[in-house]
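**Q** Going down the list, the protein sequences come from chains P and V. Every position in the first sequence, counted from 1, becomes a number in our numbering once 674 is added. Every position in the second sequence, counted from 1, becomes a number in our numbering once 674 is added.
Number of protein chains: 2
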Amino acid sequence: MTPSSNIVFSAWFRCAEGCDFRAPLTEVVYRCPRCQGLLEVEHDMDALRRRNGPDWKALFEGRFRGGAWPYGSGVWGKKEWVYPQLATENVVSMYEGGTPLLRLEGYGRAIGLRDVWLKECGVTHTGSFKDLGMTVLVSAVKEMRARGMPIRAVACASTGDTSAALAAYCAASGIPSVVLLPRGKVSTAQLVQPVSNGALVLELDTDFDGCMRVVQELSRTPDIYLANSMNSLRIEGQKTVAVEVAQQLGWTSPDWVIIPGGNLGNAGALGKGFLLLKDLGLVDRLPRLVVAQAENANPLYRAVQRAGGARADLAVEPITAATTLASAIQIGAPVSSRRALRAIEALDGLVEQASEQELADAAARADLSGAFACPHTGVALALSLLLLFVAQSAFRRARRTMKVEDRDFARLQEIRQRLGMDT
Amino acid sequence: MTPSSNIVFSAWFRCAEGCDFRAPLTEVVYRCPRCQGLLEVEHDMDALRRRNGPDWKALFEGRFRGGAWPYGSGVWGKKEWVYPQLATENVVSMYEGGTPLLRLEGYGRAIGLRDVWLKECGVTHTGSFKDLGMTVLVSAVKEMRARGMPIRAVACASTGDTSAALAAYCAASGIPSVVLLPRGKVSTAQLVQPVSNGALVLELDTDFDGCMRVVQELSRTPDIYLANSMNSLRIEGQKTVAVEVAQQLGWTSPDWVIIPGGNLGNAGALGKGFLLLKDLGLVDRLPRLVVAQAENANPLYRAVQRAGGARADLAVEPITAATTLASAIQIGAPVSSRRALRAIEALDGLVEQASEQELADAAARADLSGAFACPHTGVALALSLLLLFVAQSAFRRARRTMKVEDRDFARLQEIRQRLGMDT
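(1) Compare the C-beta of residue 774 of chain P with all C-beta atoms of chain V and state if any pair is closer than 8 angstroms.
(2) Would you tell me roughly how many angstroms separate the C-alpha atoms of residue 883 of chain V and residue 966 of chain V, rounded to the nearest one?
(3) Around the Cβ of residue 978 of chain V, are there at least 16 other Cβ atoms within 10 angstroms (buried) or fewer (exposed)?
(4) Output, in chain order, the set of chain P residues within a Cβ distance shorter than 9 angstroms of residue 1042 of chain V.
(5) Got a sec? Which residues, its chain only, sit under 7 angstroms from residue 730 of chain P by beta carbon, not counting five neighbours each side?
(6) Using only the alpha-carbon positions, how far apart do residue 742 of chain P and residue 769 of chain P sit?
(7) Looking at residue 1028 of chain V: is its Cβ nearer than 8 angstroms to the Cβ of residue 968 of chain V?
(8) With a 10 Å radius around its C-beta and 16 neighbouring C-beta atoms as the bar for buried, classify residue 1048 of chain V as buried or exposed.
(9) Buried or exposed, going by whether 16 or more other CB atoms sit within 10 Å of the CB of residue 861 of chain P?
(10) For the putative contact between residue 786 of chain P and residue 748 of chain P, defined by C-beta atoms under 8 angstroms, what is the C-beta separation to the nearest angstrom?
(11) Give the DSSP-derived three-state secondary structure of residue 770 of chain V in the structure shown.
(12) Might you give, ordered along the chain, the residues of its own chain that have their beta carbon closer than 6 angstroms to the beta carbon of residue 804 of chain V, omitting 5 neighbours on each side?
(13) Name the residues in the stretch 794 to 811 of chain P whose C-beta lies less than 9 angstroms from a C-beta of chain V; which are they?
(14) Looking at C-alpha atoms only, which residue of P/726, P/1005, P/929 is the closest neighbour of residue 831 of chain P?
(15) Listing by chain order, which chain P residues have their CB less than 8 angstroms from the CB of residue 863 of chain V?
(16) Does the beta carbon of residue 732 of chain V come closer than 8 angstroms to any beta carbon on chain P?
(17) If you measure between the beta carbons of residue 687 of chain P and residue 903 of chain P, is that distance less than 8 angstroms?
(18) Residue 768 of chain V touches chain P at which residues, Cβ-Cβ below 8 angstroms?
(19) Which residues in the same chain have their Cβ closer than 7 angstroms to the Cβ of residue 752 of chain P, if we skip the five residues on either side of it in sequence?
(20) Can you grab the Cα-Cα spacing for the pair residue 996 of chain V / residue 1015 of chain P, in whole Å?
(21) Is the CB-CB distance between residue 737 of chain V and residue 746 of chain V below 8 angstroms?
(22) Taking DSSP as the reference, what is the three-state secondary structure of residue 677 of chain P?
(23) Verify the CB distance criterion: does residue 867 of chain P have a CB-CB separation below 8 angstroms to chain V?
(24) Hey, how far is the Cα of residue 910 of chain P from the Cα of residue 795 of chain P?
(25) Which ranges does the alpha helix (DSSP H) cover as unbroken runs of at least 4 residues, wholly within the stretch 896 to 937 of chain V, from first to last along the chain?
(26) Give the C-beta separation of residue 1007 of chain P and residue 992 of chain P to the nearest angstrom, bearing in mind that I take them to be a contact with Cβ-Cβ under 8 angstroms.
(27) What residue does the beta strand (DSSP E) around residue 1046 of chain V start on, and which one ends it?
(28) Would DSSP call residue 1067 of chain V helix, strand or coil?
(29) Could you give the residue range of the beta strand (DSSP E) that holds residue 859 of chain P?
(30) For a contact defined as C-beta to C-beta under 7 angstroms, what are the partners of residue 842 of chain V on chain P?
(31) Do we get a CB-CB distance below 8 angstroms when we pair residue 834 of chain V with the residues of chain P?
(32) Are the CB atoms of residue 854 of chain P and residue 888 of chain P within a distance shorter than 8 angstroms?
(33) Identify each residue in the stretch 936 to 968 of chain P for which the Cβ-Cβ distance to at least one residue of chain V is less than 8 angstroms, and report them in chain order.
(34) Give me the chain V residues within the contact set of residue 780 of chain P, using Cβ-Cβ distance strictly less than 9 angstroms, ordered along the chain.
(35) May I have the straight-line CA-CA distance separating residue 896 of chain P from residue 970 of chain V, to the nearest angstrom?
(36) With a CB to CB cut of under 7 angstroms and the five nearest residues on each side skipped, what residues in its chain are close to residue 937 of chain P?
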């Protein structure tokens, strides 16, 4: 294998909209100062390509869940792809990642599909996938503070999970944290987490979007560092989910990946991960991507429907999101819609939606096969029903066994046509 | 490495009290028909010893979290030590085990100790360590049913976590499950799990011990299989925690292991795991074991205090457990006290207790360093304070920084004397 020490890997912020703005990852900057677009972390691809696909696989497999600290973490086992130049002593890790990829055998059988897999990103320290990104962001802050930068605290707006992850990683590294939550919209279980971890917890009489506006004000000065997914460091950790999925499937991509979409950072992250896997020769094809929105909080779905398809340059009009069981994606003004649209375009994707009934039914059905699906997972599962009828026979059988209504049947046929499947 | 296929590994039930009763693992039997003592799973140690320590390590490391299904599971990656002759197609696994071993750096610093580690057994599919044993038990039932044995359902009494694990593994394998819970003593979050997974959930107007009596009646006929920890199959899965801890510490034993104790099966399991590691040459010494009880539910502590020390043949008088925040170990008549006492004797162990205040304080203090400790973990953490003052300087520093009261100081000194430490 090419020794790692012979290649210098590096990454930096750049404007995701195409300006030539660049900044080091230790700079306190969230948007391009020229166009106000979001940033993304860009890697020195020439350096990454100097190691071939089989060597990358061997490196990642040797570390997975087992390597010397912190390489046993699912995120830091891919450190060269995440934040290569971070000093190892500044990594704040709680062995995030390495989560189960469960085969939902009974569920698949019930809906007439052979292979339905559930990536249980929530089987982690704070109980949600947010740990994956937060370990990167808080590690970056630890590095900045180690260099003497005057960051007093890290702050975020949250519907629950982000604040839990921020508070835990900050507590582990002794960095103060501030979390802004919409009053009455966060479960007690989720509220207890940042309080226990010693965060300054502020409940505001507004929704998530309102909290988001306040935290952006708070973090105007560089001594309060912004931890929301607008901050593109988190994307780097979250994209390792794609790497793990491919790895757990024996270095192949699934045919389809369905992901629930609220603020839409995670959809962008997943796409970025698969593109990197393909580019560096670890998989030989891309999966198709479905972003699944709750019908009650569907600004991306509406925009795509209006435009007749998903394009990276589509404008997504903010809406006021209605109440949904999937409370963490009850977001009307998604910060990362551009990121998601770019991923959808690159992965030949779709945006679909699920009603409250559909998401609840899908979660309940999966639970009866041993899963324990949250409503957000229910949104994605509902679309596995709608989208994954890849053979006419399975479609007919599902219609019979699942008592699909004629209305739904018409919708399924429309979707199948859009996917270019036989009807 | 010695090829696995050349050695035939096997295991069977035997009377844990020393009768010569033996039975295959697929027989529906929970107690010795001669002496009514519990059973234990005994392995063909001669076969296991035919592979040397380094080869076992290499085998386990190669599989850890990564091997072909089901060897990526923390439990089934050690299949030869757990249930060697089980047909692989009957394994019901949800990638249990492989949980983080977190270094509580801030917590250790606060109490004056360099190395305090937390094994996060709850970072798993249903959220508790019970998955580790339940995967073995439900797999055994699947094997029995595959052989045509008329098992209609699997049943358990539970304070919450056991029922969640039973229901999930049964749902995943299509086996009916029945759970008996003490009404009002199980959190809503824990109640939702077996209900979602389609178990028959019965709430009884009694405590855990009452539910235990009813489920033992229910399972008198062999068509209802008993899933409580009395069933020694679960111990086999749970003992893999010891293997993982040693593995994650680079194949060494920690100096001390502290484990909360209620029904006491897990304490026995942990001891069994470390003894096996030592016997087969994977570690060169045993840790000392501390079983930590809540002061409000402390039958083992009382018995040991009365007898002036822990001996394997000690009789543990049942008590009526008082309410404790650590509700899952609010057990007055522990089924597995003999198992625990044998482990304590073999691992030169101790039994200690923590008050409600102590367990709450310890959990809160750990949370401020990034943990998210349940009250049961709090019981163990409280005893890390009391027991782990291995150097006088650390003890003095802790007394200063933690504001230890004089009363506690006297108690600490007494414990240190018992442990043979300098005072």
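Where is the CB? At the ideal position from N, CA and C, for every residue including glycine.
**A** This is what the structure gives:
(1) yes
(2) 20 angstroms
(3) buried
(4) Result: 845, 870, 871, 872.
(5) 954, 956
(6) Rounded to whole angstroms, residue 742 of chain P to residue 769 of chain P spans 11 angstroms at the Cα level.
(7) yes
(8) buried
(9) It counts as exposed.
(10) Not really, about 32 angstroms apart at Cβ, beyond 8 angstroms.
(11) In the three-state DSSP reduction, residue 770 of chain V falls in the coil class, being neither helix nor strand.
(12) 835, 836, 839
(13) 794, 797, 798, 799, 800, 801
(14) P/1005
(15) 863
(16) no
(17) No, they are not a contact pair.
(18) Chain order gives the chain P residues near residue 768 of chain V as 774, 776, 1044, where near means a beta carbon separation below 8 angstroms.
(19) 734, 914, 917
(20) Using only the alpha carbons, I get a separation of about 57 angstroms.
(21) yes
(22) The predicted position of residue 677 of chain P is uncertain, since its pLDDT is 49 and thus under 50; no value can be drawn from it.
(23) yes
(24) 15 angstroms
(25) 907 to 912, 914 to 922
(26) The C-beta distance from residue 1007 of chain P to residue 992 of chain P rounds to 4 angstroms, short enough to meet the 8 angstroms contact threshold.
(27) Element bounds for residue 1046 of chain V: n/a, residue is neither H nor E.
(28) Confidence at residue 1067 of chain V is low in this model, with a pLDDT of 42, below 50, so the placement of that residue should be treated as unreliable; the coordinate-derived value is given next. Helix at residue 1067 of chain V.
(29) Counting along the chain, residue 859 of chain P falls outside any beta strand (DSSP E), and DSSP gives it neither H nor E.
(30) Those are 1044, 1046, listed as they occur along chain P.
(31) no
(32) yes
(33) none
(34) 845, 846, 847, 848
(35) 50 angstroms
(36) 903, 1005, 1008, 1009, 1010
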